[in-house]
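Here my numbering is used: the first residue of the sequence shown is 3, the next is one more, and so on.
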Amino acid sequence: MKMHHYLRQWRLDVSKHHAFVLKTIRQSIRFAYQSARSKASHRLARTHDARVDLQERQVTWLGLHAFHAVLSRKPQAYARLLKVLTFELSLPRYRHLRKRFRRVVTEGLSTLTLLCF
Numbered sequence: 003m004k005m006h007h008y009l010r011q012w013r014l015d016v017s018k019h020h021a022f023v024l025k026t027i028r029q030s031i032r033f034a035y036q037s038a039r040s041k042a043s044h045r046l047a048r049t050h051d052a053r054v055d056l057q058e059r060q061v062t063w064l065g066l067h068a069f070h071a072v073l074s075r076k077p078q079a080y081a082r083l084l085k086v087l088t089f090e091l092s093l094p095r096y097r098h099l100r101k102r103f104r105r106v107v108t109e110g111l112s113t114l115t116l117l118c119f
C-alpha cells in the first residue's frame, strides 16, 4: 500500500513505467530476505538460536504474491504490472509453493479485506 501511495505522490504513469515498478518490487523483496538473514546472523540472534528457515525462492514467491494481492485492489491502475506478476507466479519454479503456503496466504488475505486505499 505504501508503494501505491508513493506512485500516486510521484505521479508516475505505471502503465508506461511498469518495468521500473517491477524492478523496485523485486529489489524490495530481495532486501527483505537479505535483511532477515543478516539479522538472524547477529550475535544476539545466535545466542537465542534464531534462524531463518526460508529460501530466497520462497520469500520471492511470498513477496510477489503479496504485491499482487494488494495491487489487485486497483486493477485499472496496475493492469500491465499485474499481468507480469500473474505470469511470474505461474512459473513452474513457484507452483509447489502455492500449496505449501496456502494457509499463510489465506490468513494474510483475510486481513487485506479490512484495508482500503
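Glycine residues also receive a C-beta, built at the ideal position from the N, C-alpha and C atoms.
Helix, strand or coil at residue 103 [DSSP, three-state]: coil
Determine the extent of the alpha helix (DSSP H) in which residue 79 is found, giving its start and end residues. Segment: none, residue 79 is in no alpha helix (DSSP H) and carries neither H nor E.
Look at the Cβ atom of residue 68, then the Cβ atom of residue 54, and state whether they are nearer than 7 Å. no
For chain B, find out if any of its Cβ atoms is closer than 7 Å to the Cβ of residue 110; answer yes or no. Checking the listed chains, one finds no chain B in this structure; it contains a single protein chain.
Can you list, in chain order, the residues of its chain whose CB lies under 7 Å from that of residue 60, leaving out five sequence neighbours each side? 99
For residue 92, name the three-state secondary structure that DSSP assigns. coil
Enumerate in chain order the residues of its own chain whose CB-to-CB distance from residue 38 is below 6 Å, with the five nearest sequence positions on each side excluded. 54
Alpha carbons only, please: which of 80, 95, 94, 49 is nearest the one belonging to residue 22? 80
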